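S.K.: From first to last, the protein sequence lines stand for chains A and B.
The first sequence begins at 1 in my numbering and counts up one residue at a time.
The second sequence begins at 1001 in my numbering and counts up one residue at a time.
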Amino acid sequence: MPKDHGIGASPKRREDIRFLSGTGNYTDDMNVNGQAYVHFLRSDVAHGRIKSINLDAASAMPGVVKIFTGADFEGVGGIPCGWEITDKHGNAMQEPAHPVLAQGKVRYVGDQIAAVVAETLEQARDAAEAIDVDIEELPAVVDMAGALVDGSTKVHDDLTSNLCYDWGFVEENKPAVEAAFADAAHVTTLELRNNRLIANPMEPRVAIGDFERASGNSTLFTTSQNPHVIRLLMGAFVLGIPEHKLRVVAPDVGGGFGTKIFHYAEEAFCTFAAKALNRAVKWTSTRSEAFISDAHGRDHVTTIQLALDADNNFTAVRTDTMANMGAYLSTFAPSVPTWLHGTLMAGNYKTPLVYVNVKAVFTNTVPVDAYRGAGRPEATYQLERVIDKAALELGLDPIALRRQNFITEFPYATPVAVEYDTGDYHATMDVLEKMADLSGFEARRKASEARGMLRGIGINCYIEACGIAPSNLVGQLGARAGLYESATVRVNATGGLVVMTGSHSHGQGHETAFPQVIAEMIGIDESMVEIEHGDTDKAPMGMGTYGSRSLAVGGSAMVRATEKIIAKTKKIAAHLMEAAEADIELKDGTFSVAGTDKSVAWGDVTLAAYVPHNYPLEDIEPGLEETAFYDPANFTYPSGAYACEVEVDPDTGKVTIEAFNAADDFGNVVNPMIVDGQVHGGIGQGIGQALLENAAYDENGQLLSASYMDYAMPRASDLPFYGVDHSCQTPCTHNPLGVKGCGEAGAIGSPPAVVNAVVNALRSGGHDIHHIDMPVSPSRVWQAMNG
Amino acid sequence: MYNFEFEKPSSIADAVAALGDEEATALSGGQTLLPTMKQRLASPTKVVSLLGISEMQGICTGDDGALCIGGATSHADVAAGASAYPGLAALAGGIGDPAVRARGTVGGSLANNDPAACYPAGALASGATIVTNAREIAADDYFQGMFTTALDESEIITEVRFPVPQASNYQKFEQPASRFALVGVFVAKYADGVRVAVTGASEEGVHRWTAAEEALSANFSADAVPAAPGADGMIADLHGTAAYRAHLVAVLTKRAVAAAS
């Protein structure tokens, strides 16, 4: 009998009532009295020198309040980067200036040249068209290999080259890795590209800057996954506003997927302009603007090699990657191809030696940063693809080859600096083999072939590091921030709770899942717990939501704060019942004295805390509010095994997903329905990457897929009904809930399964194919089949 | 979007008069024009809606048995009401999504002549007659390349007459992003021969595949479809090479013939 409340139950999401009835409060729903509107004039060339900007005609246009250019931001800080990478020679990465508005040069199509503030949005757009900008177009740097050639045009004239960093990991392992490859019985090599993606959250980005002259306080309303981080980055590094004079509010946010983590120039502009103009300034991105101003994701070009001994044991992995940074360093961009990628290159396998080289490259393209999974999908994809290729070359069963090399003992210290605390990779594979009905595959293949179709199956494993992460560790790795989480639990006099969390919900269902945890701890109804988030004036300093960290880190902070509440209420209850504190038990919302029939209700105790007539005032303070900051001891390591079954139409190359099954180990699960939804969404995005999505530039740096006419988003009709299972549960050993993150797993684990399946299908049709780059579009499949 | 004047006349004559102004443009379902205006890529000073003209709405059968569709009839209405010409009804029912089909019209689609639109293939393969306020234009004379037609300025498609074939079928292979036709092939078998029209593939826009027409007129079977046409002049872009599109022309023609047989 499944639980109907508390941890493990699946109550319907309470926030969906407002989301589904159109009564959410998104940033664009908000308006401030007297607000003006800003429209950004964006570069339509990828690379050019700004020779002049003439504002005369535009400034005289109706409704124009003021037009800002880079000159207005001299002396103002630039958009900061939140992570510094040290290269393999021990040098800091090259870090270019990132102005709020372009200064001297434009560096990608979409780079903001000027900002027109006007009474209405249409007036701002009209005036922007009247700005006379003279740009001397320069050759665009688009191709990463070309960008690294000596003498290439430089994206940033003041840097020595287009190389941001050349990172080696673990550099000391390199000679041993080389030796292992020299001694290998077999080496499999695979070259691949991890396609560039655009997150496309349903809600485009919005920013409203506001300024109150009487107090001198600034407020930014923004579509952010982490308002406190924006407050810190923008306040301290860009605008010089201390935290106590700056409030950042991220209300309902309609999807983030990583691209709303980062601090963007538009946020800084609106906050700056509101103060300069003494009136609120609002910006709402159009969908077209989002394509060329939201940070993109992925875009790696990789060569991976796997060394095996004569018994098919993996002996070493070696990878070389070029990672596109785009024109500027977005907030966490440098960390994605390095620490979030290199540390996962051991995968689920006991490969003793790993060496990862990453060259991060500046190009005249939109900045690239974290997108759902961030580094871990890139690691998983190349590793799980090269293993499949090795199995093909050696004539081995791909599942058996994986099982033979699984890590089976935990904790396990990988050769790439992380320690997996728990896992059971055979168990998830066992479940998957049943879910995916592997024994029935040959019959299904024959049925497909009878209809003239090729059928293939692809299997892979994944492991990821999430619940990001111990502050001291990430600090050593170059993070310029801590990565704890905060929670304040406020118990009201009549017993209801408000929990203010530093985690941010932009679709994850926190308002439903978090109360399940707290209600279970106290033994009260979930309806007595309310979650507040997204406002730096309400919640204590928090780090926000990304890296599948909300429950593992933010939930743990709530548990710690609630434990403090329970400890205090027990003291009060002991006083009320004239019993020893050690004898007090709390169960089902009632305090009792062990071995007696004495009891007192939760509400009586909370009332006593605020009406302390009969109260141990000499020992404890009145009131009932506790805060905890939780800094985890380690990442959490969800893992799983995925299977994809496809049909390929040999006449057209079209791939259809016939089945997709996912067996995940997320440790303990609080709300299985929400976890299912997270896995569904992740797989949907993974299938989108594998089959459809492709942000492509031409040689002039023009984005070819700059709208939904050419950027293919997955639709319901492209996706199957998923099989999802999370019954394999090896609880995380170091957080109080025993939970691991589930938000990114689907996007990490699914692309290799799809491509493995397509390759399997094509080979069954007699095509000697080892690889097709994503997106595996009909034309690419046809091309592969027809040379 | 820039400001513009808006008129919604109730007769063809009034519409023609309203369109006499320079920089005026006709608005039918608006599935292309309105997004273009919203992106400020079009700036008509006057927009004349054709949706208030009742004589341009609806479907009937002409004296010669042709299916006559009012120029402002929506795709959804054709999908539901053109049962006399199932191949054409299916084409209309496969355009875009329900919202697009509720607004988009046959006259609007043919006047725009997007190289990847469905209706041009249906009209050309049917040897349809494009009826305007001024004249009747044979489909073979009407389509003149991408976004180019025989229409004069301010000329309005009031009706399209589709001779009903003995058998027909439209096969569309969707471009993965836009879901327009990456390639679309309409095959229509008439007593006096087979017509095959191809959309999506060519830089010249919709066109007839005469080699296939000759072969299929002699033997209406999928096996009779000739080898793929040459790739010269085929569109090459992010979604497919010229050779891939040429290949799809033959694949889809075979499928259309098989489905129509």
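Note that the Cβ used here is the ideal one computed from N, Cα and C, for glycine as well.
All figures in this text were calculated on a predicted structure; none of them were measured in a lab.
Under the three-state reduction of DSSP, which class applies to G373/A: helix, strand or coil?
M.R.: coil
S.K.: Please tell me whether L762/A has its Cβ less than 9 Å away from any Cβ of chain B.
M.R.: no
S.K.: From the beta carbon of L233/A, is the nearest beta carbon of chain B less than 9 Å away?
M.R.: no
S.K.: Assess, as a yes-or-no matter, whether the region 734-753 of chain A is touched by the region 664-684 of chain A under the definition of 3 or more beta carbon pairs within less than 8 Å.
M.R.: yes
S.K.: Hey, how far is the Cα of V1183/B from the Cα of T259/A?
M.R.: 35 Å
S.K.: Any idea what DSSP makes of A659/A, helix, strand or coil?
M.R.: strand
S.K.: What does DSSP give as the partner residues of E625/A in its beta bridges?
M.R.: R490/A
S.K.: For I788/A, does the three-state DSSP call read helix, strand or coil?
M.R.: Because chain A in this structure spans residues 1 to 787, residue 788/A falls outside the shown range and cannot be described.
S.K.: Taking only beta-carbon atoms, is E122/A less than 9 Å away from chain E?
M.R.: Protein chains in the displayed structure are A and B, and chain E is not among them.
S.K.: Beta carbon of G554/A, beta carbon of A487/A: below 9 Å?
M.R.: yes
S.K.: Tell me whether Q1166/B is buried or exposed, calling it buried when 16 or more other Cβ atoms sit within 10 Å of its Cβ.
M.R.: exposed
S.K.: Indicate whether I67/A and V133/A have their beta-carbon atoms separated by less than 9 Å.
M.R.: no
S.K.: Hey, out of G1087/B, H1075/B, A1116/B, G1205/B, whose CA is closest to V1100/B's CA?
M.R.: Comparing Cα positions, the closest option is H1075/B.
S.K.: Quick one: residues in its chain with C-beta nearer than 7 Å to the C-beta of D294/A, no 5 flanking neighbours on either side, listed in chain order?
M.R.: I198, A199, R205, T259
S.K.: Measuring CA to CA, which of S330/A, A310/A, E511/A, T338/A is closest to T319/A?
M.R.: T338/A
S.K.: Taking 8 Å as the threshold, find out whether the region 7-15 of chain A comes into contact with the region 660-677 of chain A through three or more Cβ pairs.
M.R.: Put simply, the region 7-15 of chain A touches the region 660-677 of chain A. At least three CB pairs are less than 8 Å apart.
S.K.: Can you tell me which of E520/A, W602/A, S550/A puts its alpha carbon nearest to the alpha carbon of H533/A?
M.R.: The candidate whose alpha carbon is nearest that of H533/A is S550/A.
S.K.: Can you list, in chain order, the residues of its chain with a C-beta nearer than 6 Å to that of G788/A? Leave out the 5 residues immediately preceding and following it.
M.R.: Missing from the structure shown is residue 788/A; chain A here goes from 1 to 787 and no further.
S.K.: Here's the rule I'm using: 16 or more other beta-carbon atoms within 10 Å means buried, otherwise exposed. How should N162/A be labelled?
M.R.: buried
S.K.: Whose Cβ in chain B lies nearer than 9 Å to the Cβ of Q702/A?
M.R.: None at all; the shortest Cβ gap to chain B is about 12 Å.
S.K.: With 16 other CB atoms within 10 Å as the buried threshold, where does E267/A fall?
M.R.: buried
S.K.: Could you tell me whether the Cβ of S705/A comes closer than 9 Å to any Cβ of chain B?
M.R.: yes
S.K.: Under 8 Å, CB to CB, which of the residues in the region 1186-1210 of chain B have a partner in chain A?
M.R.: none
S.K.: Using a Cβ-Cβ distance cut-off of 9 Å, determine whether S330/A contacts chain B.
M.R.: no
S.K.: Name the chain A residues that come within less than 8 Å of V1225/B, Cβ to Cβ?
M.R.: Residues of chain A passing the Cβ test: none, with the nearest at roughly 12 Å.
S.K.: Have a look at A539/A and T219/A and give me their C-alpha separation to the nearest angstrom.
M.R.: 15 Å
S.K.: Is the Cβ of R1161/B closer than 9 Å to any Cβ of chain A?
M.R.: no
S.K.: For a contact meaning CB atoms closer than 7 Å, what does V1251/B contact in chain A?
M.R.: Within chain A, the residues whose beta carbon sits less than 7 Å from that of V1251/B are D651, T652, listed in sequence order.
S.K.: Report all residues from its chain with a CB closer than 6 Å to the CB of D1063/B; omit the five preceding and five following residues, and keep chain order.
M.R.: none
S.K.: Examine chain B for any beta-carbon lying closer than 9 Å to the beta-carbon of S779/A, and answer yes or no.
M.R.: yes
S.K.: What residues are listed by DSSP as bridge partners for A316/A?
M.R.: Beta-bridge partners of A316/A (DSSP): A307/A.
S.K.: Please report how far the alpha carbon of A327/A lies from the alpha carbon of V386/A, in whole angstroms.
M.R.: Approximately 31 Å between the Cα atoms of the pair.
S.K.: Kindly indicate which three-state DSSP category K350/A falls into: helix, strand or coil?
M.R.: coil
S.K.: Under 8 Å by Cβ, that's how I've got M521/A and V559/A pegged, so tell me the actual separation to the nearest angstrom.
M.R.: 7 Å
S.K.: Listed from N- to C-terminal order along the chain, which residues in the region 709-739 of chain A have their beta-carbon within a distance smaller than 9 Å of any beta-carbon of chain B?
M.R.: The residues in question are M709, D710, Y711, A712, M713, R715, D718.
S.K.: Name the DSSP bridge partner or partners of Y26/A?
M.R.: DSSP output for Y26/A lists D252/A as bridge partner(s).
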